[in-house]
Amino acid sequence: MALTKEQIARRIARELQDGYYVNLGIGIPTLVANYIPEGIEVVLQSENGLLGMGPFPLEGEEDPDLINAGKQTITTLPGSVFFDSALSFGMIRAGKVDLTVLGAMEVSDQGDIANWKIPGKMVKGMGGAMDLVASARNIIVAMMHTNPKGESKLLPACTLPLTGIRCVKKIVTELAVLDITPEGFLLLERAPGVSVEDIRSRTAGRLVVKGEVPEMVV
Amino acid sequence: MALTKEQIARRIARELQDGYYVNLGIGIPTLVANYIPEGIEVVLQSENGLLGMGPFPLEGEEDPDLINAGKQTITTLPGSVFFDSALSFGMIRAGKVDLTVLGAMEVSDQGDIANWKIPGKMVKGMGGAMDLVASARNIIVAMMHTNPKGESKLLPACTLPLTGIRCVKKIVTELAVLDITPEGFLLLERAPGVSVEDIRSRTAGRLVVKGEVPEMVV
Amino acid sequence: MKKVVKNADEAIADIRSGTTLMLGGFGLCGIPENAIEALTRADVKELTCISNNAGVDDFGIGLLLQQKKVRKMIASYVGENAEFERQLLSGELEVELIPQGTLATRCMAAGYGMPAVFTPAGVGTEVAQGKEVRRFGDKDYLLEYAFEADFALVKAWKGDTAGNLVFHATARNFNPLMAMAGKVTIAEVEELVPVGQLNPDEIHTPGIYVHRIFQGVNYEKRIEQRTVRAKA
Amino acid sequence: MKKVVKNADEAIADIRSGTTLMLGGFGLCGIPENAIEALTRADVKELTCISNNAGVDDFGIGLLLQQKKVRKMIASYVGENAEFERQLLSGELEVELIPQGTLATRCMAAGYGMPAVFTPAGVGTEVAQGKEVRRFGDKDYLLEYAFEADFALVKAWKGDTAGNLVFHATARNFNPLMAMAGKVTIAEVEELVPVGQLNPDEIHTPGIYVHRIFQGVNYEKRIEQRTVRAKA
Numbered sequence: 000m001a002l003t004k005e006q007i008a009r010r011i012a013r014e015l016q017d018g019y020y021v022n023l024g025i026g027i028p029t030l031v032a033n034y035i036p037e038g039i040e041v042v043l044q045s046e047n048g049l050l051g052m053g054p055f056p057l058e059g060e061e062d063p064d065l066i067n068a069g070k071q072t073i074t075t076l077p078g079s080v081f082f083d084s085a086l087s088f089g090m091i092r093a094g095k096v097d098l099t100v101l102g103a104m105e106v107s108d109q110g111d112i113a114n115w116k117i118p119g120k121m122v123k124g125m126g127g128a129m130d131l132v133a134s135a136r137n138i139i140v141a142m143m144h145t146n147p148k149g150e151s152k153l154l155p156a157c158t159l160p161l162t163g164i165r166c167v168k169k170i171v172t173e174l175a176v177l178d179i180t181p182e183g184f185l186l187l188e189r190a191p192g193v194s195v196e197d198i199r200s201r202t203a204g205r206l207v208v209k210g211e212v213p214e215m216v217v
Numbered sequence: 000m001a002l003t004k005e006q007i008a009r010r011i012a013r014e015l016q017d018g019y020y021v022n023l024g025i026g027i028p029t030l031v032a033n034y035i036p037e038g039i040e041v042v043l044q045s046e047n048g049l050l051g052m053g054p055f056p057l058e059g060e061e062d063p064d065l066i067n068a069g070k071q072t073i074t075t076l077p078g079s080v081f082f083d084s085a086l087s088f089g090m091i092r093a094g095k096v097d098l099t100v101l102g103a104m105e106v107s108d109q110g111d112i113a114n115w116k117i118p119g120k121m122v123k124g125m126g127g128a129m130d131l132v133a134s135a136r137n138i139i140v141a142m143m144h145t146n147p148k149g150e151s152k153l154l155p156a157c158t159l160p161l162t163g164i165r166c167v168k169k170i171v172t173e174l175a176v177l178d179i180t181p182e183g184f185l186l187l188e189r190a191p192g193v194s195v196e197d198i199r200s201r202t203a204g205r206l207v208v209k210g211e212v213p214e215m216v217v
Numbered sequence: 000m001k002k003v004v005k006n007a008d009e010a011i012a013d014i015r016s017g018t019t020l021m022l023g024g025f026g027l028c029g030i031p032e033n034a035i036e037a038l039t040r041a042d043v044k045e046l047t048c049i050s051n052n053a054g055v056d057d058f059g060i061g062l063l064l065q066q067k068k069v070r071k072m073i074a075s076y077v078g079e080n081a082e083f084e085r086q087l088l089s090g091e092l093e094v095e096l097i098p099q100g101t102l103a104t105r106c107m108a109a110g111y112g113m114p115a116v117f118t119p120a121g122v123g124t125e126v127a128q129g130k131e132v133r134r135f136g137d138k139d140y141l142l143e144y145a146f147e148a149d150f151a152l153v154k155a156w157k158g159d160t161a162g163n164l165v166f167h168a169t170a171r172n173f174n175p176l177m178a179m180a181g182k183v184t185i186a187e188v189e190e191l192v193p194v195g196q197l198n199p200d201e202i203h204t205p206g207i208y209v210h211r212i213f214q215g216v217n218y219e220k221r222i223e224q225r226t227v228r229a230k231a
Numbered sequence: 000m001k002k003v004v005k006n007a008d009e010a011i012a013d014i015r016s017g018t019t020l021m022l023g024g025f026g027l028c029g030i031p032e033n034a035i036e037a038l039t040r041a042d043v044k045e046l047t048c049i050s051n052n053a054g055v056d057d058f059g060i061g062l063l064l065q066q067k068k069v070r071k072m073i074a075s076y077v078g079e080n081a082e083f084e085r086q087l088l089s090g091e092l093e094v095e096l097i098p099q100g101t102l103a104t105r106c107m108a109a110g111y112g113m114p115a116v117f118t119p120a121g122v123g124t125e126v127a128q129g130k131e132v133r134r135f136g137d138k139d140y141l142l143e144y145a146f147e148a149d150f151a152l153v154k155a156w157k158g159d160t161a162g163n164l165v166f167h168a169t170a171r172n173f174n175p176l177m178a179m180a181g182k183v184t185i186a187e188v189e190e191l192v193p194v195g196q197l198n199p200d201e202i203h204t205p206g207i208y209v210h211r212i213f214q215g216v217n218y219e220k221r222i223e224q225r226t227v228r229a230k231a
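Respectively, the protein sequence lines represent chains A, B, C and D. According to numbering that gives the first Met the number 0, the residues represented by the first sequence are 0 to 217, in order. According to numbering that gives the first Met the number 0, the residues represented by the second sequence are 0 to 217, in order. According to numbering that gives the first Met the number 0, the residues represented by the third sequence are 0 to 231, in order. According to numbering that gives the first Met the number 0, the residues represented by the fourth sequence are 0 to 231, in order.
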């Protein structure tokens with residue numbers, strides 16, 4: 000049974016460690032914040048200039064000067080700090096952000112990622128995505144295994160314009176958890192009831208299966 | 000009659016314009032702050048991280064956290080601002096400081112300056128001098144025309160290790176005011192009672208004298 | 000030394016057609032509302048605008064786009080703007096998209112007197128086309144040049160008459176960087192105070208970078224994505 | 000997430016001989032007094048110290064020099080220190096002198112993930128020897144590499160338990176830059192407060208750069224050049 004978006008987020012949240020500074024992209028990655036394990040303290044970075052992002056404000060308490068990278072109104076937490084965009088990307092570039100979670104349109108089995116541009120469609124821009132993928136020490140992609148047409152998004156090489164090269168470390172889809180290794184996508188876990196063959200049939204890039212692949216604990 | 004150090008400082012102060020941001024080196028340059036003309040507002044930069052340097056504190060009001068680049072206790076003024084050393088040299092490098100006044104051991108007639116190192120003597124370091132001379136838009140050197148041995152400090156080429164090249168714009172000594180031009184030291188003003196010949200005899204580099212050279216108004 | 004001007008119209012009076020402008024803000028947060036509005040009243044066109052975003056149809060840089068005052072937009076993300084899209088597709092408007100961190104860093108470089116910087120953002124992508132790639136250690140970087148802008152238009156929370164600026168919350172974003180990068184920097188503030196009123200330890204942009212300052216009026220501070228949570 | 004340590008001794012306990020340290024401060028202003036004192040008690044030697052100055056004979060880095068714990072000093076100005084001079088002339092101590100702005104910028108570069116920067120400081124001088132010179136526009140620049148330091152020891156005025164730091168007056172100097180540049184950054188503060196006590200707009204160093212923090216004791220804050228004016 001394929002995971003829901005919430006389950007994907009919950010599975011990614013299990014990768015968090017105490018003291019991590021984390022940047023969460025728009026979409027499924029944002030949901031990860033809802034599943035931070037008990038007893039673990041994580042600081043969320045918003046690349047428009049905030050460490051310590053809090054939840055959405057209560058109705059009537061929105062501050063137009065206080066938004067996240069998705070332009071949503073947010074709040075601060077005790078220990079929050081504001082800074083300018085150069086320092087924000089400076090700390091990302093310096094590898095101080097422990098984990099970046101973001102969505103993707105395609106990922107290659109070498110860890111290349113495409114998530115900003117579709118030829119023929121209006122291009123809105125890469126925002127901070129290229130900086131994040133080029134600099135983050137650890138990148139997890141949260142995405143569906145296939146696109147709406149049923150085509151695999153895990154490819155031998157990206158077909159869309161690239162956002163970054165050889166940067167993705169791990170992928171969590173509704174079907175599987177996979178690491179990027181020199182041999183290709185290494186299958187780590189299967190969604191409950193999803194077979195290795197199901198995953199293989201939806202993975203266009205090199206898939207490595209070693210021994211028994213456990214089912215994910217959801 | 001040769002100028003006193005105070006008179007050199009007073010003459011340099013006449014180069015100040017309203018709104019100038021100015022960095023004053025140690026020695027005679029520091030004295031320039033005492034002669035800022037009436038009706039002119041000048042902001043002093045101290046490269047250790049302060050814009051708006053005020054006078055020395057009153058006895059008992061010294062703050063060990065508040066010093067200038069010469070490590071002397073100082074005060075702030077209304078409008079003062081503190082910053083880190085990278086921004087301090089950033090604003091210098093970006094040409095935001097309008098005028099730098101500093102001392103020198105030697106200046107060449109191309110505007111090279113030597114003021115940090117004497118071979119054979121203990122070298123204490125260049126501090127911020129190399130950054131200042133390489134970046135400042137306008138540099139005035141305040142120094143004696145000759146060294147204690149009576150040798151000219153205005154040379155065809157510096158003999159001491161350089162601090163910066165082709166950077167000095169103007170020199171004020173106890174004898175003269177000179178601009179650096181492609182033809183060499185252009186004599187602009189004489190100290191009262193000092194002859195062009197006096198100056199020529201103490202200037203080893205190319206000296207350019209055009210027409211009548213006025214006496215300085217002291 | 001007189002940096003204070005009466006209002007936005009006086010502040011932008013010498014901005015001419017064909018000029019390159021930087022405009023602070025992220026989305027609609029921290030944008031120089033008053034200066035943009037004054038530009039809609041001014042006889043300027045063919046502007047090159049460097050700004051992280053291009054506003055929305057009826058606010059921010061969108062107001063300048065409506066009037067076809069913008070020839071080229073340099074930004075990292077330009078969604079949320081139908082008129083922008085129309086002009087882009089019709090070829091009236093030129094767009095250069097660059098990574099957000101690169102944009103920020105190229106502004107900072109100008110303010111720090113650095114002619115160029117190295118950043119890994121965009122290596123191996125179309126952003127790298129025509130750019131110098133250099134390897135340091137085991138990583139490739141692009142050489143990116145400092146921006147040059149005739150004017151920077153920024154918005155701060157408070158400022159003093161010496162041009163010192165303090166920003167609030169995430170409205171800081173690109174503002175202090177662009178303030179440092181403009182040949183002429185025009186700051187609008189919600190509150191203009193006499194010198195001595197700001198704590199020198201708490202100033203984000205030293206006045207040396209700011210050439211003109213005025214207290215803005217009628218700030219709308221529009222929220223682009225109003226999101227709230229239910230009371231617990 | 001626990002960044003708070005009991006005292007300086009605990010904070011520096013894993014600093015080993017041969018390590019490269021950055022030490023904040025300008026002259027004796029804003030130096031990490033407690034960490035330096037703890038190092039005098041620790042079994043470490045052969046240190047490489049990156050700091051703008053080398054202290055005086057009986058304070059600051061001078062205390063480490065007295066104990067011959069320093070193998071190499073990277074600084075911009077090293078006057079005011081007789082023991083330093085003696086060790087230098089005898090060849091016991093290696094010294095690399097670099098321009099103050101270059102020192103600051105190489106620290107900043109590390110904190111911003113920039114592998115190298117361009118600066119005009121030192122072009123045409125012996126500082127340029129062996130360095131790459133590159134022309135941008137009509138000006139030459141040196142390529143200078145980001146510093147790498149195993150530990151950065153900095154001193155702030157206030158800090159919170161998340162490692163956020165606030166500096167006071169010109170004691171800021173190199174401290175925030177080195178705080179960003181250390182692989183492990185140890186901050187000592189005059190006052191350690193719970194998270195939430197510092198205004199997020201007024202923090203100079205975000206806690207993400209700080210790994211350990213403690214409240215220092217017995218700050219001497221020695222004045223190097225006490226200068227006063229007469230009462231008017």
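Don't be surprised by glycine CBs; every beta carbon is placed ideally from N, CA and C.
Measuring CB to CB, does residue i end up less than 9 Å from residue j?
i, j, result
"D/SER89", "D/ASN52", "no"
"C/THR19", "C/ILE49", "yes"
"D/LYS154", "D/VAL188", "yes"
"C/PHE135", "C/PHE117", "yes"
"A/THR99", "A/ALA135", "yes"
"D/LEU176", "D/ILE11", "no"
"B/SER79", "B/GLU46", "no"
"D/ARG171", "B/PHE81", "yes"
"C/PRO119", "A/ARG92", "yes"
"B/ARG165", "B/GLY210", "no"
"D/THR257", "B/MET129", "Nothing can be reported for residue 257 of chain D, as the shown portion of chain D is limited to 0 through 231."
Between the alpha carbons of residue i and residue j, how many angstroms are there, rounded?
i, j, result
"D/TYR140", "C/GLU219", "45 Å"
"A/ILE139", "A/GLN6", "15 Å"
"A/LYS169", "A/GLY102", "12 Å"
"B/LEU174", "C/PRO199", "41 Å"
"B/LEU153", "B/GLU37", "32 Å"
"D/TYR208", "B/GLU150", "53 Å"
"B/THR74", "B/MET52", "6 Å"
"A/ILE35", "A/ASN114", "25 Å"
"C/CYS106", "C/GLN86", "26 Å"
"A/ASP97", "C/MET0", "47 Å"
"A/MET143", "A/VAL31", "15 Å"
"B/LEU161", "A/GLY24", "52 Å"
Should residue i go down as buried or exposed, given a rule of 16 or more other Cβ atoms within 10 Å for buried?
i, result
"C/SER16", "exposed"
"C/GLY110", "buried"
"A/THR3", "exposed"
Throw me the rounded Cβ distance for the residue i and residue j pair, which I believe falls under 8 Å.
i, j, result
"C/LEU164", "C/HIS203", "6 Å"
"D/PHE150", "D/GLY181", "5 Å"
"A/LEU57", "C/LYS230", "6 Å"
What residue from the options has the CA that sits closest to residue i's CA?
i, options, result
"D/GLN99", "B/GLY89, B/SER107, B/ASP97", "B/GLY89"
"D/LEU46", "D/LEU27, D/PRO31, D/MET21, D/ILE30", "D/MET21"
"B/GLY126", "D/VAL192, D/GLU223, D/ALA115, D/VAL77", "D/VAL77"
"C/VAL232", "B/ASP108, B/ILE112, B/SER200, B/LEU50", "Outside the shown range of chain C, which is 0 to 231, sits residue 232 of chain C, and nothing can be said about it."
"D/GLU79", "D/GLY26, D/ALA41, D/ARG70", "D/GLY26"
"B/ASN137", "B/VAL212, B/LEU159, B/ILE179, B/MET104", "B/ILE179"
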